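Presented below is the structure to which this report refers.
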Amino acid sequence: SHISVREVLDGLLERFKVQQEKMNLNIVVDCQDLYVYANKGHIEGVFENLISNAIKYNVYDGTVSISCYASGKNMILKVQDTGIGIPQEDQEKVFQRFYRVDKQRSKVISGTGLGLSIVKHIVHFYKGSIELESKEQKGTTITLSLPILVHTIPED
Ligand code: ATP
Ligand code: MG
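Below is the structure:
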């Protein structure tokens with residue numbers, strides 16, 4: 307059905323409030339008023355996993371920037387963080403089930419290593435694409451293109 311991306315996003319950000327405050331994170335949202343024809347659980351799963359990573363692998367006082375916009379029938383979604391980053395040699399592997407970067411930091415930051423594999427499955431389901439850019443100690447940007455019928459509400 308048609309779902310409001312902003313509504314999904316607002317609901318999720320509410321859930322991350324406590325973690326956000328603990329790390330004193332600045333979360334910047336730049337999202338068009340977008341309606342997508344997709345499964346709501348899929349869209350929630352994508353946002354939830356990407357935002358959860360951008361928060362937990364961030365640094366104190368860091369920033370998370372989320373943007374989404376329509377491009378033809380695609381939704382482009384970008385989640386950028388100022389966190390610890392992913393070493394070059396791990397960047398391909400993080401989409402594999404259960405893969406987590408080095409044991410040292412995985413001990414401190416909990417997770418199962420499934421989040422990004424779920425995101426990848428959803429992206430493939432819609433025949434979309436996923437791009438990861440990351441620099442250690444600088445941050446990570448994930449960009450998704452999801453070919454789902456999108457329409458925007460024009461601003462007045
Ligand atoms: P889960 O999402 O299941 O709770 P997880 O976060 O460990 O656990 P993924 O989301 O699949 O699993 O991410 C895999 C690994 O990639 C993480 O363990 C982490 O090492 C690395 N990673 C993912 N996102 C980021 C990010 N934004 N910044 C730095 N490292 C990241
Ligand atoms: Mg995760």
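Each residue of the sequence shown is one higher than the one before, starting from 307 at the first, in UniProt numbering. Where a beta carbon is used, it is the ideal one built from N, C-alpha and C, also for glycine. Computed from a prediction, not measured in an experiment: that's the story for all the values here.
Look up Gln386 in the DSSP assignment and give the residues it is bridged to.
-> Ser371 and Thr447
Assign Arg411 to buried or exposed, taking buried as 16 or more other Cβ atoms, counted over all protein chains shown, within 10 Å of its Cβ.
-> Answer is exposed; the Cβ neighbour count stays below 16.
For the candidate residues Lys426, Tyr343, Lys362 and Ile309, whose alpha-carbon lies nearest to that of Ile415?
-> Lys362
Neighbourhood of Thr388 by C-beta, 7 Å cutoff - its chain only, sequence neighbours within 5 removed | Excluding residues within five positions, the ones whose Cβ falls inside 7 Å are Asn364, Val365, Gly368, Thr369 and Gly445.
Determine, using beta-carbon pairs with one atom in the stretch 336-343 and one in the stretch 307-317, whether at least three such pairs fall under 8 Å.
-> yes
Count the other CB atoms within 10 Å of the CB of Ile459; is the residue buried (16 or more) or exposed (fewer)?
-> exposed
Identified DSSP bridge partners for Ser435 = Ser435 pairs with Ser451.
In the stretch 338-366, which residue ranges form an unbroken beta strand (DSSP E) of at least 3 residues, counting only runs that do not cross its ends?
-> As far as the stretch 338-366 is concerned, its whole beta strand (DSSP E) runs of at least 3 residues are 340-343.
By the 10 Å Cβ neighbour count, where 16 or more other Cβ atoms means buried, how is Val407 classified, buried or exposed?
-> buried
Ile392 to Gly351 span [Cα, whole Å] | 21 Å
Asn332 to Tyr375 span [Cα, whole Å] | 21 Å
contact_flag[the stretch 432-448, the stretch 317-324] where n(CB pairs < 8 Å) is 3 or more = These segments do not touch.
Taking the C-alpha atoms as reference points, what is the distance between Gln397 and Leu455?
-> C-alpha of Gln397 to C-alpha of Leu455: approximately 30 Å in a straight line.
Roughly how many angstroms separate the alpha carbons of Asn355 and Asp462, rounded to a whole number?
-> 33 Å
Please go through the same chain and pick out, in chain order, the residues whose beta-carbon is closer than 7 Å to the beta-carbon of Asn330, but skip the five residues on each side of it.
-> Tyr366 and Asp367
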